[in-house]
Each structure stands twice: as C-alpha cells, then as structure tokens.
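This report refers to the structure that appears directly beneath it.
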Amino acid sequence: MPKLHIQFTLFSAFYSPLISTMTGNFLTEEGFDYEWSIAKPGTSALNALREGTAHVVQSTISQGFTSLERGEQPKSRHFALINNMDGFFLSEDKPTTTLAGLLLREQTLLYIMAVSQ
C-alpha cells in the first residue's frame with residue numbers, strides 16, 4: 000500500500016482528532032504507512048491536497064472565508080462540528096479589576112486569533 004501523506008496547515012490542539020489517530024497507532028493498526036508535515040508558513044495544507052502532495056489535510060474552516068468574501072465558492076469543502084462539547088477555560092492568576100477583566104466574568108466569549116508561523 001502506498002504511503003499516506005498527511006499535512007496540517009498549523010500544528011494545533013484543534014487538530015487533536017487527526018493527531019490522536021496518528022499517535023494512537025490507529026493508522027498503523029489498519030495497515031497504513033504514513034508521514035506527516037506542516038504546511039510552509041503563509042500557505043495552507045489545502046494547497047498540498049490540490050497539488051496531490053497530500054492525501055489527507057486538516058485545516059481551519061476559516062480557510063474558505065477569503066473566497067467567500069470575494070464572492071467565490073471555496074475550492075475545498077470543510078466538514079466540522081464546532082463547539083460541541085469542546086471549549087477552553089480562561090483563568091486569571093490575580094483578581095482582575097480592569098474593565099476588560101470584569102466584562103469577561105460570566106460572559107460568553109468568542110475569540111478568533113490568527114497565528115502565523
């Protein structure tokens with residue numbers, strides 16, 4: 000069987016299902032030989048999928064936002080179940096008295112951060 004090429008746009012905890020598939024030896028147990036990589040800074044793993052240099056990629060749904068903003072259909076389709084039993088905790092090491100800190104208490108927070116390598 001040919002080697003399976005897996006690529007991530009970024010290596011992130013958000014990609015835990017695919018990372019766990021590799022580290023849990025599930026692919027090996029099913030007879031897949033694989034290698035993985037991270038896309039070059041400023042590029043998406045979706046490019047590797049289109050070019051045929053990756054068989055499986057994991058990328059963010061927001062990769063399609065740029066196309067949609069231009070009125071174009073994204074070249075790749077994403078499937079995801081977002082915020083279903085997942086999430087993060089915000090904590091503080093000292094009591095916060097700033098307005099921003101007080102406003103965050105007991106509130107729903109949507110935080111989007113772009114990370115470049």
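Take the sequence shown: its position 27, counted from the start at 1, is 26 in numbering that gives the first Met the number 0, and no numbers get skipped. Using N, Cα and C, we set each Cβ at its ideal position, and we do this for glycine too. All of these numbers come straight from a predicted model, not from anything done at the bench.
Work out the CA separation of residue j and residue i for me, nearest whole Å.
i	j	result
Leu3	Glu29	12 Å
Ala12	Ile18	9 Å
Phe31	Gly23	13 Å
Phe10	Ala53	15 Å
Ser61	Ser43	11 Å
Leu73	Thr65	Looking at the sequence shown, residue 73 is not Leu but Pro. Going from the Cα of Pro73 to the Cα of Thr65 covers about 8 Å.
Phe25	Lys39	26 Å
Glu68	Ser15	29 Å
Trp35	Ala47	12 Å
Gly70	Pro1	38 Å
Grab me the residues of residue i's own chain with a C-beta within less than 6 Å of its C-beta, minus the 5 sequence neighbours each way, in chain order.
i	result
Val117	An answer regarding residue 117 cannot be provided, because it is not within the stretch 0 to 116 covered by the chain.
Ile37	Phe7, Phe10
Gly41	none
Tell me the residue span of the beta strand (DSSP E) that contains residue i.
i	result
Ile37	33-37
Leu48	Counting along the chain, Leu48 falls outside any beta strand (DSSP E), though it belongs to the alpha helix (DSSP H) covering 44-50.
Keeping to the same chain, check which residues put their C-beta closer than 8 Å to that of residue i; ignore five residues upstream and five downstream.
i	result
Leu45	Thr8, Val56, Ser58, Gln62, Lys74, Ser75
What are the start and end residues of the alpha helix (DSSP H) that includes residue i?
i	result
Ile164	Here the chain covers residues 0 to 116 and nothing more, so residue 164 does not appear.
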